[in-house]
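Student: Reminder that position 51 of the sequence shown reads as 51 in the UniProt record's numbering, one-by-one numbering, no gaps.
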Amino acid sequence: MDDATWPLLRRAARITGASRIGFEDVLTLPDGQPAHSNAQLYQAGWQLMQEVPL
């Protein structure tokens, strides 16, 4: 699931402008590094969604 999570989050941002993410979805950050907390995943997801044009 890790390989699909970040592209799927980008797609969700384009379609709805909203999403959620956590350890139940993915264990790694977009750069492949291990995530250490849900907060770290949230921050990476928020940052990624800000880069997607609506």
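We put the CB at the ideal spot given by N, CA and C, even for glycine. Just so we're clear, the structure is a prediction, and the values are computed from it rather than from any experiment.
State the Cα-Cα distance for the pair L27 and A13, rounded to the nearest angstrom.
Tutor: Their Cα atoms are separated by approximately 20 angstroms.
Student: My guess is that L29 and Q40 are in contact by the Cβ rule of under 8 angstroms, so how many angstroms apart are they, rounded?
Tutor: Correct: roughly 7 angstroms between the Cβ atoms.
Student: Looking at the unbroken alpha helix (DSSP H) that takes in E51, where does it start and where does it end?
Tutor: That run of the alpha helix (DSSP H) goes N38 to E51.
Student: How many Å lie between D25 and I15 at the Cα?
Tutor: If you take the alpha carbons of D25 and I15, they lie about 19 angstroms apart.
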